[in-house]
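Residue numbers (the working numbering): 1 to 120.
Virtual Cβ for every residue (Gly too), placed ideally from N, Cα, C.
If you want it as structure tokens, here you go:
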């Protein structure tokens with residue numbers, strides 16, 4: 001993955017992450033339809049936290065020096081994002097089959113992304 005070096009590139013990433021946070025929050029609001037203040041705050045924080053996790057994994061992914069390290073960083077953050085999404089949308093009573101299917105899908109995507117060549 002290309003290293004983010006210039007200030008302009010970093011500003012672009014921050015803008016995209018903010019737009020993603022707004023998109024995630026709007027999607028969460030549309031699907032959950034909160035009626036109280038706590039529900040609205042929860043949907044906004046869902047978008048912000050999910051976008052922050054994506055930003056953190058982007059930074060750590062560019063800092064990874066080996067494919068193995070990138071694999072474990074991506075797997076950890078994929079698990080965190082999967083847990084956040086499952087907990088927010090499905091509550092704590094999600095069937096284990098859905099969690100296993102999501103974890104398997106995340107593992108497959110992370111494995112495919114980890115075999116990419118690391119730019120020096």
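If the criterion is Cβ atoms closer than 8 Å, does the pair residue i and residue j meet it?
| i | j | result |
| --- | --- | --- |
| residue 98 | residue 50 | no |
| residue 102 | residue 91 | no |
| residue 28 | residue 77 | no |
| residue 73 | residue 60 | yes |
| residue 39 | residue 22 | no |
| residue 75 | residue 107 | yes |
| residue 71 | residue 14 | no |
State the CB to CB distance for the pair residue i and residue j, rounded to an integer number of angstroms; the pair is presumed to be in contact (CB under 8 Å).
| i | j | result |
| --- | --- | --- |
| residue 20 | residue 41 | At roughly 19 Å, the Cβ-Cβ gap does not stay under 8 Å, so residue 20 and residue 41 are not in contact. |
| residue 115 | residue 69 | The pair is not a contact, with the Cβ atoms about 13 Å apart (cut-off 8 Å). |
| residue 11 | residue 25 | Actually they are not in contact, since the Cβ atoms of residue 11 and residue 25 sit about 21 Å apart, beyond 8 Å. |
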